[in-house]
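S.K.:
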Amino acid sequence: MGMAQFLQPETGTTDPRVLRSRRILMDSLAKLLIKKAFEDISIQEIADEATLNRATFYLHYPDKNALLQAMTESRFRDLIERRGITFTDCNGALRAIALGVCDYLAETTGCPSQLARIRLEGSIIPVVEDMFKEGLSHHGVAPGVDAALRATTAAWAVFGAARRWFQTPNRIPAEEMAARIETMVNPVLFSASQ
């Protein structure tokens, strides 16, 4: 599986019309978040901003929370893709992922204030978890080891450490924190491989 395909949200479609509609809806929500609080935004307002009808919204998302999660996940995937993380050589991949999470948390506060308060773990952790599963698939896992559980544990550890870093006043540089996260999480993730 190529990295571009791996980074596609798990919607299963490559239809450009569907992808375009979803992107327009995400962009419309982002514009509206500049003007008002998330809880005050209606689906009709999102559809109007997107110049799509309300039924089209519901073809893509069951509610505005699902749209918000898709938007944050898409932005995180874009950031990770820009970093060019691959698993052909795992040296540095864990650190790059940790740095991506730190950077994303830091960038989100530059977004509308509502995005800074939104629980991002539902959007970020599944992406990181999938990346770790992909990485473990290249390492071979010892018999009886649950690779999916390793990936989940490591993803939560990376996110939790990055969030703690982000919430710390006078925090260390993101690159230094990513190195610390790598040191802590590497044994959790890769002690299962052999």
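Here the sequence shown is numbered in the working numbering, starting from 921 and rising by one per residue.
C-beta atoms are modelled at their ideal positions from N, C-alpha and C, and glycine is treated no differently.
Please read these numbers as outputs of a predicted model, since none were measured by experiment.
(1) Kindly indicate which residue of 1045, 1057, 995 has the alpha-carbon position closest to the one of residue 1028.
(2) The alpha helix (DSSP H) spanning residue 941 covers which residue range?
(3) Measuring alpha carbon to alpha carbon, tell me which residue in 946, 1077, 1054, 1056 is nearest residue 1045.
(4) Tell me which same chain residues have a C-beta within less than 7 Å of the C-beta of residue 1072, skipping the five on either side of it?
(5) Taking all protein chains shown into account, decide if residue 1065 is buried (16 or more other Cβ within 10 angstroms of its Cβ) or exposed.
(6) Between which two residues does the alpha helix (DSSP H) holding residue 1042 run?
(7) Rounded to a whole number of angstroms, what is the C-alpha to C-alpha distance between residue 1091 and residue 935?
(8) In its own chain, which residues sit with a C-beta less than 7 Å from the C-beta of residue 1095, not counting the 5 before and 5 after it?
(9) For residue 955, count the other beta carbons within 10 Å of its own beta carbon; 16 or more makes it buried, fewer makes it exposed. Which is it?
(10) Which of helix, strand or coil does DSSP assign to residue 1065?
(11) Just list the alpha helix (DSSP H) runs in the stretch 1083–1109, keeping only unbroken ones of 4 residues or longer that don't cross its boundaries, in chain order.
(12) Between the C-alpha atoms of residue 974 and residue 950, what's the straight-line distance to the nearest angstrom?
M.R.: Reading from the atomic positions:
(1) On the sequence shown, position 108 is the one that residue 1028 refers to. If we check each option's Cα against that of residue 1028, 995 comes out closest.
(2) The sequence position of residue 941 within the sequence shown is 21, counting from 1. 936–955 is the extent of the alpha helix (DSSP H) around residue 941.
(3) Taking the first residue of the sequence shown as position 1, residue 1045 is located at position 125. For residue 1045, the nearest C-alpha among the options comes from 1077.
(4) Locating residue 1072 in the sequence shown gives position 152, counting from the first residue. These residues qualify, in order along the chain: 1049.
(5) Looking up residue 1065 in the sequence shown gives position 145. Exposure of residue 1065 is indicated by the presence of fewer than 16 other C-beta atoms within 10 angstroms of its C-beta.
(6) Here residue 1042 refers to the residue found at position 122 when the sequence shown is read from its first residue. Note, residue 1042: alpha helix (DSSP H), 1041–1057.
(7) Position 171 of the sequence shown, counting from 1, holds the residue named residue 1091. Position 15 of the sequence shown, counting from 1, holds the residue named residue 935. Rounded to whole angstroms, residue 1091 to residue 935 spans 43 Å at the Cα level.
(8) Here residue 1095 refers to the residue found at position 175 when the sequence shown is read from its first residue. For residue 1095, same chain residues with a beta-carbon under 7 Å away, outside a window of 5 residues either side, are 1019 in chain order.
(9) One-based indexing of the sequence shown puts residue 955 at position 35. Counting Cβ neighbours within 10 Å, residue 955 comes out exposed, since fewer than 16 surround it.
(10) By 1-based counting over the sequence shown, the position of residue 1065 is 145. Three-state result, residue 1065: coil.
(11) none
(12) Start at 1 with the first residue of the sequence shown, and residue 974 comes out as number 54. Start at 1 with the first residue of the sequence shown, and residue 950 comes out as number 30. A direct Cα-Cα distance of roughly 17 Å separates residue 974 from residue 950.
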